[in-house]
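Quick note on numbering: the sequence shown equals residues 25 to 453 in our numbering. From the three backbone atoms N, C-alpha and C, an ideal C-beta is built for every residue, glycine too. Computed from a predicted model, the values in this text were never measured in an experiment.
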Amino acid sequence: MTTLRRMLGSNVRQYGMVLALAAIVLFFQFQTDGVLLRPLNVSNLLTQNSYILILAIGMVMVIISRHIDLSVGSVAAFVGAMAAIMMTKWDLPWFVAVVLCLALGALIGAWHGFWVAYVGIPAFIVTLASMLIFRGLTLTVLNGETVANLPSQFEGMGNGFLPEIGPDTGLHNLTMLIGVAMSLFVVWVELRRRRSATRYNFEVAPLPLFIARVALEVVVIMYFVYVLAQYRGLPVVAVILFALVGLYTFLMSRTVIGRQIYAVGGNVDAATMSGVRTRRIDFLVLTNMGMLAALAGMVFAARLTAANPKAGVNFELDAIAAAFIGGAAVTGGVGTVVGAIIGGFVMGVLNNGMSLLGVGIDWQQTIKGLVLLAAVAFDVYNKRRARVGGGAGAEKDDATAPPPPELDEQLAELPDSLVTTTGEASSTS
């Protein structure tokens with residue numbers, strides 16, 4: 025029980041966001057008479073928020089490294105416009121345009137990284153300037169007009185679905201197979217992680233709790249793919265998104281550069297003295313953000329089947345909100361890719377649920393702002409508790425944190441007279 029309490033306490037933010045998402049889903053599911061989790065709406069929920077979730081992956085890395093990027097919406101709009109021009113006016117094949125636009129996004133991100141990492145201008149200022157620059161360039165290259173008639177293969181990035189295979193079962197077979205494969209992969213990863221933790225004598229959850237948690241993850245995955253399989257299957261953009269989540273989760277948790285990003289965000293001076301090339305890390309993080317912004321811009325253009333001068337408005341705010349709601353710390357050094365995805369889904373379900381209930385856009389913005397403020401306030405509250413010891417009443421100036429569980433158990437085994445004498449001696453000294 026002590027181990028369980030300690031593990032829950034150290035991950036209260038992550039578990040809290042998962043529970044919050046589940047509560048929001050259940051609330052709107054009942055309030056909309058089951059419309060929220062209908063196959064068509066779940067598919068729309070995923071595709072409508074895909075570009076924000078892609079941006080959130082890059083944004084959480086930027087925030088972990090103690091920076092911010094305000095330009096992602098404008099960069100997404102500019103790259104989406106350039107992709108449309110390349111395919112419709114320059115007659116480039118769609119896959120060539122995609123590769124060139126990803127390179128263009130990385131180049132824009134490298135431009136940001138140069139000014140931030142090597143010139144020393146704060147990322148807030150650099151990306152604020154780029155937000156204005158690329159918003160203007162978007163209007164310039166499009167001449168204030170919408171460019172449509174994009175290739176169908178390109179539009180499939182935003183509106184397409186995986187093909188059907190096998191016999192007619194009433195479900196999308198390929199989607200169900202992918203769900204089974206994802207479930208097996210999750211079980212394998214969890215078992216491998218637990219075995220590794222046990223080998224190095226790290227704390228692990230009790231076996232019944234571990235089995236329950238893994239089973240719940242499998243149930244959620246299979247229910248999700250089952251709902252999608254009742255419609256048209258897994259959207260193409262969902263495959264792109266899941267691949268990015270897996271790739272960047274591995275990058276941030278299992279590679280040297282991922283740990284260096286956390287180190288730089290946690291304490292840049294300590295990271296520098298430890299031999300981390302902090303300028304290089306800042307440069308690479310912002311370059312990566314530019315590339316993901318380019319991908320998000322193309323996905324958005326593909327979903328709209330056109331490039332629009334007003335695309336990308338407020339994308340940066342939604343991405344930043346997703347990262348903070350998902351557990352990223354304002355001061356850097358804390359956050360996860362999965363947490364950012366959960367935060368993005370919190371915002372997406374709120375938008376979708378309130379729209380289904382007919383809530384006006386004015387109240388939607390108000391509620392989303394309050395949710396963001398509550399999430400950050402919760403993070404600050406947890407940090408203050410951790411700073412003063414985390415015990416009940418430890419927030420008071422004259423209070424002390426409770427003894428460690430090991431010492432508490434040892435004291436419980438001693439005779440009462442000896443414990444009393446020890447306590448009195450400590451008070452006297």
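Asked: CB of Ala331 within 8 Å of CB of Val171, strictly; Found: yes
Asked: Cβ shell of Leu134 (< 6 Å), same chain only, five flanking positions each side left out; Found: Contrary to the premise, residue 134 reads as Ala rather than Leu in this sequence. For Ala134, where only same-chain residues beyond five positions count, the Cβ hits under 6 Å are Thr311.
Asked: Under the three-state DSSP convention, the category Val358 falls into; Found: coil
Asked: Rounded C-alpha distance that separates Leu156 from Arg409; Found: 40 Å
Asked: Proximity of Leu45 and Ile366 at Cβ, strictly below 8 Å; Found: yes
Asked: Rounded straight-line distance, which links the Cα of Arg256 to that of Gly184; Found: 9 Å
Asked: Length of the line joining the Cα atoms of Leu116 and Glu179; Found: 15 Å
Asked: CB-CB length for Gly290 against Gly356, believed under 8 Å; Found: 7 Å
Asked: Rounded Cβ spacing between Met313 and Val86 (contact assumed at less than 8 Å); Found: 5 Å
Asked: C-alpha gap between Ala335 and Ala127, whole angstroms; Found: 20 Å
Asked: Inter-residue CB distance, Ala317 and Val99 (contact presumed, cutoff 8 Å); Found: 4 Å
Asked: Straight-line Cα distance separating Leu201 from Ile92; Found: 39 Å
Asked: DSSP beta-bridge partners of Ala331; Found: Val171
Asked: Residues bridged to Phe185 (per DSSP); Found: Pro259
Asked: Separation of Phe54 from Val370, as counted between CA atoms; Found: 17 Å
Asked: Leu258 vs Leu60 beta-carbon contact at 8 Å; Found: no
Asked: Touch test, the region 320-329 against the region 94-113, Cβ-Cβ under 8 Å, three pairs minimum; Found: yes
Asked: Proximal residues to Leu215 (C-beta, below 7 Å), its chain only, five neighbours per side dropped; Found: none
Asked: Three-state secondary structure (DSSP) of Gln254; Found: coil
Asked: Proximal residues to Ala7 (C-beta, below 7 Å), its chain only, five neighbours per side dropped; Found: Here the chain comprises residues numbered 25 to 453, so residue 7 is not present and cannot be evaluated.
Asked: Contact the region 136-146 vs the region 78-85: 3+ CB pairs below 8 Å; Found: no
Asked: Burial state of Asn173 (16 or more Cβ within 10 Å); Found: exposed
Asked: Alpha carbon of Gly232 to alpha carbon of Ala239, nearest angstrom; Found: Before going further, note that residue 232 is Pro rather than Gly in the sequence given. Taking the straight line from one Cα to the other gives about 10 Å.
Asked: With 16 other Cβ atoms within 10 Å as the buried cut-off, status of Thr193; Found: exposed
Asked: Reduced DSSP category for Val383 - H, G, I as helix; E, B as strand; rest coil; Found: coil
Asked: Straight-line gap, Leu275 to Phe266 (C-alpha atoms, nearest Å); Found: 14 Å
Asked: Where the alpha helix (DSSP H) containing Glu340 begins and where it ends; Found: Phe339 to Ile349
Asked: Proximity winner among Leu195, Asp403, Val123 and Asp386, relative to Val358 (alpha-carbon distances); Found: Asp403
Asked: DSSP-derived helix/strand/coil call for His91; Found: coil
Asked: Residue closest to Ser220, alpha-carbon to alpha-carbon, out of Val244, Arg278, Leu198 and Val251; Found: Arg278
Asked: Burial state of Thr360, where buried means 16 or more other Cβ atoms lie within 10 Å; Found: buried
Asked: Pairwise C-alpha distance: Ile145 and Leu186; Found: 45 Å
Asked: Nearest neighbour of Leu77, chosen from Leu198, Leu208, Phe51 and Ala262 [CA to CA]; Found: Ala262
Asked: Within-8 Å CB hit, Ile305 to chain B; Found: No chain B appears in this structure, which consists of one protein chain only.
Asked: Cβ neighbours of Ile245 in the same chain (closer than 8 Å, five flanking residues each side left out); Found: Gly203, Met206, Ser207 and Val210
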